[in-house]
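Notes follow once the structure below has been shown.
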Amino acid sequence: MRQAGRYLPEYRAVRANYSFLELCRTPDAACEVTLQPVEILGVDAAILFSDILLICDSMGCPLVLDDGGPQFPTPVRTRADVDALIVPDPEEKLGYVMEAVRKIKRSLDGKVPLIGFSGAPWTLAAYMIEGKTSRSFEKAKALLLSDEKLAEALLSKITDSIILYLNAQLAAGAQALQIFDSWAGALSPEDYAKLGAPWIERVIAGLKRDPVNPQPVIVFGVETGELLAPLSRTGADVVGVDWRVPLSVARTRVGPKVALQGNLDPTSLFLPHDILAARVQHVLREAKAAGGGHIFNLGHGITPAAPVEAARALVEFVHRGLT
Ligand code: 1CP
Numbered sequence: 056m057r058q059a060g061r062y063l064p065e066y067r068a069v070r071a072n073y074s075f076l077e078l079c080r081t082p083d084a085a086c087e088v089t090l091q092p093v094e095i096l097g098v099d100a101a102i103l104f105s106d107i108l109l110i111c112d113s114m115g116c117p118l119v120l121d122d123g124g125p126q127f128p129t130p131v132r133t134r135a136d137v138d139a140l141i142v143p144d145p146e147e148k149l150g151y152v153m154e155a156v157r158k159i160k161r162s163l164d165g166k167v168p169l170i171g172f173s174g175a176p177w178t179l180a181a182y183m184i185e186g187k188t189s190r191s192f193e194k195a196k197a198l199l200l201s202d203e204k205l206a207e208a209l210l211s212k213i214t215d216s217i218i219l220y221l222n223a224q225l226a227a228g229a230q231a232l233q234i235f236d237s238w239a240g241a242l243s244p245e246d247y248a249k250l251g252a253p254w255i256e257r258v259i260a261g262l263k264r265d266p267v268n269p270q271p272v273i274v275f276g277v278e279t280g281e282l283l284a285p286l287s288r289t290g291a292d293v294v295g296v297d298w299r300v301p302l303s304v305a306r307t308r309v310g311p312k313v314a315l316q317g318n319l320d321p322t323s324l325f326l327p328h329d330i331l332a333a334r335v336q337h338v339l340r341e342a343k344a345a346g347g348g349h350i351f352n353l354g355h356g357i358t359p360a361a362p363v364e365a366a367r368a369l370v371e372f373v374h375r376g377l378t
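Quick look at the structure:
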């Protein structure tokens with residue numbers, strides 16, 4: 056699950072001293088908020104505190120993040136805009152992320168693994184074209200589906216940037232990687248076959264993983280019920296499932312080779328604890344029926360109003376296992 060964030064008073068206390076982007080760019084503070092969920096909730100892995108959109112900024116599409124959510128005031132709309140983007144050297148432009156990874160690794164001292172991450176090419180392209188979040192992604196789809204050459208140029212540049220960035224995270228010590236294609240569900244299976252899955256496949260093929268103990272790669276999207284099969288063929292080791300598809304059904308779509316991650320509805324955290332516990336049991340039963348490996352997770356990010364006590368109880372219920 057997205058782990059850090061506004062639901063935690065300890066996060067809000069650190070965040071009071073920094074803007075969100077300053078927090079991401081200050082390795083000591085990013086390290087501190089990365090460790091908070093491990094200490095407060097007892098989760099089994101740490102997720103690097105950062106944001107998928109920082110790489111867009113380093114490519115030359117400036118990111119603004121205020122209370123209105125993330126925005127790109129100069130969105131990518133033309134071939135000239137695409138050509139002006141760069142494929143950044145991650146140590147030069149995003150060195151603070153790798154510095155945070157190294158600090159977190161030292162602080163964790165092997166207690167739990169650290170998961171690094173990136174956005175997927177389609178989701179990052181969609182943000183850069185729309186300029187902000189969207190429900191329909193009209194501008195992104197209109198641009199990428201009407202001009203194949205431009206789509207190829209933009210998605211290639213983003214893909215190359217992601218490969219360098221994720222390899223830098225691996226070199227700094229990330230022990231697993233998650234690729235967030237949060238807006239995958241906005242595309243039809245036909246369009247995802249052009250704009251989504253092949254680019255994730257290219258990212259994964261470009262990773263320099265440890266040949267002896269390859270760091271696992273998780274791909275995740277929202278409303279991906281109809282995209283689970285293509286996502287499972289990207290080369291990922293684990294496919295995230297949101298709460299709209301039971302894990303046993305997801306298994307029939309992804310085949311036997313990948314593990315599943317998910318998929319408790321994040322709003323379950325607002326239910327009384329006995330109902331929350333029953334829902335955890337349901338996910339665990341589904342995972343057992345699905346077979347083939349399972350990482351328990353929420354089906355999407357934890358929401359800002361979620362009670363911390365419920366998140367803590369959730370971790371305990373999962374650790375108790377199937378009863
Ligand atoms: O003011 C604040 O404190 C900012 C809120 C916030 C936080 C806590 C943003 C802005 N990003 C983050 C951290 C973040 N984002 C993490 C850190 C790790 C953790 O939570 O433990 C991660 C993994 C992300 C990834 C991310 N950012 C995604 C993919 C995951 C998903 O939920 O699908 C997406 C889509 C974003 C964009 C983004 N950044 C921030 C917000 C509020 C958003 C979503 C905006 C939208 O609805 O489009």
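Numbering-wise, this note's numbering comes out as the position in the sequence shown, counting from 1, plus 55.
For each residue, glycine too, the CB sits at the ideal point set by N, CA and C.
The structure displayed is predicted, hence computed values, not measured ones.
- The DSSP-derived three-state label of Pro92 is helix.
- Looking at the DSSP output, Gly317 sits in a beta bridge with Phe351.
- According to DSSP, Ser173 shares a beta bridge with Ile234.
- In this structure, Gly240 lies away from Leu209, with their beta-carbon atoms at least 9 Å apart.
- Counting of Cβ neighbours within 10 angstroms places Arg306 among the buried residues, the total reaching 16 or more.
- For Asp138, the three-state secondary structure derived from DSSP is helix.
- Placement of the Cβ of Leu302 at a distance of 8 Å or more from every heavy atom of the ligand 1CP is found.
- Counting only runs of at least 3 residues, the segment 217-280 fully encloses the following beta strand (DSSP E) elements, listed from N- to C-terminal order: 231-236, 272-276.
- Ile102 has Ile170 as its beta-bridge partners, per DSSP.
- Under the three-state reduction of DSSP output, Val119 falls in the strand class.
- Proximity of the segment 361-371 to the segment 314-331 meets the contact definition, three or more beta-carbon pairs being nearer than 8 Å.
- When DSSP reads this structure, Lys187 sits in a beta bridge with Gln126.
- In this structure Leu302 touches Ala342 by the C-beta definition: roughly 5 Å separates them, less than 8 Å.
- Taking C-beta atoms under 8 Å as the contact rule, Leu286 and Ala248 fail to qualify, at a distance of about 11 Å.
- Per the coordinates, the alpha-carbon of Ile217 lies some 10 Å from the alpha-carbon of Met114.
- Of the other Cβ atoms in all chains shown, 16 or more fall within 10 Å of the Cβ of Ser173; this residue is therefore buried.
- With fewer than 16 other Cβ atoms from the protein chains shown falling within 10 Å of its own Cβ, Ile141 counts as exposed.
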